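Going by my numbering, the first residue of the sequence shown is number 437, and it counts up by one from there.
Quick reminder that beta carbons are idealized off the backbone N, C-alpha and C, glycines included.
Please read all numbers here as calculations on a predicted model, not as lab measurements.
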Amino acid sequence: MNITGGAGGGGSGGGGGDKTLLDTSGVDIRLLYRITKIMLFMAVVVLPSMVLYNSAYSSQFLPALISRSELKEFPLDIVLEKAAMGDKTVILTTVNGAWAANNSLLDLFLESFHIGNNTKRLLNHLVIIALDQKSYARCLALHPLCYALKTEGVDFSGEAYYSTPNYLEMMWRRIDFLRSILTMGYSFIFTDADIMWFLDPFQQFFQDADFQITCDTYIGNPYDVNNRPNGGFNYVKSNNRIIEFYKFWYASRVNYPGNHDQDVLNRIKYDPYISQIGLKIRFLDTTYFGGFCEPSKDFNLVCTMHANCCFGIDSKVHDLKVMLED
């Protein structure tokens with residue numbers, strides 16, 4: 437390479453300026469070196485920071501973008517027809533935005549079907565009822581059979597704490613909706629999304645019952661109305677008797693204001709009207725349909741396990757994760 441002196445030529449004294457290194461093509465090597473360092477800094481430090489920022493920005497505003505977009509919604513009759521078994525039985529659950537959030541209860545619920553014994557196939561018959569737009573968007577990302585249930589003037593997206601006004605509104609909306617399913621001729625298993633499925637439950641159902649329900653406390657006799665039922669899991673066969681019962685159940689909320697569906701059920705199960713319509717109720721054994729209130733003594737027999745007697749989403753998620761890992 438050539439070394440060329442500054443203005444005034446080489447030598448000593450004040451006239452000797454900085455020397456410039458040039459390669460044979462006349463490119464300033466030190467300038468090139470500085471540019472290279474800047475580019476490396478951009479590649480190593482600035483670019484990853486921009487990626488992280490954009491990712492955080494997108495995550496922050498994604499729910500808002502989804503909520504404003506028009507999600508495709510499918511008519512209930514079409515969804516039920518796709519999900520139905522040969523005898524027009526479907527499996528139903530309801531979720532809101534809090535229960536359907538990432539790494540929350542809906543994820544664990546679906547995972548249990550995948551790891552359970554002969555339960556994965558039942559996902560083909562599961563319809564997830566979304567109570568708000570957030571949960572509907574999340575459902576569509578996880579499962580092919582989703583239905584958006586709208587309730588005018590009510591926001592069900594947040595966590596609804598037990599027996600609060602929003603919780604009561606949600607539970608009674610559910611009862612009325614399930615009645616409409618029955619009037620369409622569909623039988624169903626209703627399951628809360630905080631219930632883990634480990635075995636096919638159909639083997640444990642009674643063939644002659646209209647309404648079968650799990651219990652917080654089971655006293656040993658499936659016919660005894662003194663059992664303490666839990667509304668989180670029930671098997672219901674569509675017929676005139678059960679439709680009349682659901683109408684009666686829903687209407688009874690007026691007689692017991694401030695009570696949720698399960699409390700009202702515990703009152704009306706003694707009502708003479710139940711016998712008048714000929715409804716056949718069976719209470720399911722906690723040996724097979726367990727819960728945190730009354731765990732099964734033999735886990736190998738458990739079809740479903742309910743995170744009842746456990747309050748708050750975080751507590752439910754923690755305890756159910758431990759169960760699935762076991």
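Residue i and residue j closer than 8 Å at C-beta
i    : j    : result
N744 : D660 : no
G533 : K570 : yes
M741 : F634 : yes
I564 : H550 : no
L764 : T530 : Summary: the structure shown does not reach residue 764, with the chain confined to residues 437 through 762, and so no result is reported for it.
W535 : L544 : no
Y671 : F641 : yes
A628 : Y686 : For the sequence presented, residue 628 should be read as Asp rather than Ala. In this structure, Y686 does not lie closer than 8 Å to D628 by Cβ.
F624 : T650 : no
I655 : N663 : yes
D644 : K705 : no
L604 : H696 : yes
S674 : L618 : yes
L756 : D630 : yes
F681 : F647 : yes
K518 : L581 : yes
V515 : Y583 : yes
Terminal residues of the beta strand (DSSP E) in which residue i lies
i    : result
W633 : 631-633
S850 : What the structure shows of the chain is the stretch from 437 to 762, and residue 850 is not part of that stretch, so it cannot be assessed.
I717 : 717-719
Collapsed DSSP secondary structure at residue i in the structure displayed
i    : result
C746 : coil
M607 : helix
N560 : helix
F728 : coil
Y659 : coil
L483 : For L483, the pLDDT reaches just 44, beneath the cut-off of 50, and the residue's location in the model is therefore unreliable, although a value from the coordinates is still provided. It is helical.
N553 : strand
R504 : Legend: pLDDT at R504 = 38, less than 50; position of this residue unreliable, no value from coordinates given.
N670 : strand
Residues that DSSP places opposite residue i in a beta bridge
i    : result
I565 : T530, Y583
C651 : P665
M759 : BP columns for M759 are empty, so no partner.
N539 : The partner list for N539 (beta bridge, DSSP) is empty, contrary to what the question assumes.
T525 : S623
N736 : Answer by DSSP bridge pairing: none, since N736 is not bridged.
Range covered by the alpha helix (DSSP H) that runs through residue i
i    : result
S674 : No alpha helix (DSSP H) contains S674, which DSSP labels as neither H nor E.
Y709 : 708-712
V700 : 697-704
E517 : 512-519
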